[in-house]
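The next block holds one structure in the form of C-alpha cells; read it before the comments.
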Amino acid sequence: MANTPQAKKRIRRNTRRAEINGARMSRIRGFVKKVETACEAGDKDAAQTALKDAQPELARGVARGVMHKNTASRKLSRLSKRVAAL
Numbered sequence: 043m044a045n046t047p048q049a050k051k052r053i054r055r056n057t058r059r060a061e062i063n064g065a066r067m068s069r070i071r072g073f074v075k076k077v078e079t080a081c082e083a084g085d086k087d088a089a090q091t092a093l094k095d096a097q098p099e100l101a102r103g104v105a106r107g108v109m110h111k112n113t114a115s116r117k118l119s120r121l122s123k124r125v126a127a128l
C-alpha cells in the first residue's frame, strides 16, 4: 500500500493513464481489424481505404507511447503486404 502522498498520487495517475491507453489500443485494434476483414472479404478498394485510415492511427499510437515503433512498423508492413496481394 502506498504510504507517501506522491505514491498515492502515482496510483491515481496510473489508473487514469491505463484507462486512456487502453482506449487508444482498442481504437488502434479496431482500425487494424477493418483492414483484416476487408482483406478476408477480398475487397481491395475497402482494404486500401481502411489501410489509409489505419496508418496514421498506428503512428499516433507510437507518438503517444502506447505502442513501440517497431511493432507499429511491423503491423503496417504486414497489412500493406496483405492488401497488395489482393
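In this note's numbering, the protein residues as written are 43 to 128.
Ideal placement from N, C-alpha and C gives every residue a C-beta, glycine not left out.
Beta-carbon proximity list for residue i, same chain, < 6 angstroms, skipping 5 on both sides
i, result
"glutamate 99", "Ile70, Phe73"
"glutamate 78", "none"
"aspartate 85", "none"
Own chain partners of residue i with C-beta closer than 8 angstroms, once the 5 adjacent residues on each side are dropped
i, result
"alanine 114", "Leu100, Ala101, Gly103, Val104"
"aspartate 95", "Phe73, Lys76"
"methionine 109", "Met67, Ile70, Leu100, Gly103"
Residue i (DSSP reduced to helix, strand or coil)
i, result
"valine 108", "coil"
"glycine 103", "helix"
"asparagine 45", "coil"
"alanine 127", "coil"
"aspartate 85", "coil"
Given residue i as reference, the closest of the options once Cα atoms are compared
i, options, result
"asparagine 63", "Lys75, Ala127, Arg106, Asp85", "Arg106"
"glutamine 90", "Glu61, Pro47, Ser122, Arg55", "Ser122"
"arginine 116", "Leu128, Gln97, Ala127", "Gln97"
Cutoff 7 angstroms; reference residue i; Cβ partners in own chain excluding five residues on either side
i, result
"alanine 80", "Ala88, Ala89, Ala92"
"alanine 126", "none"
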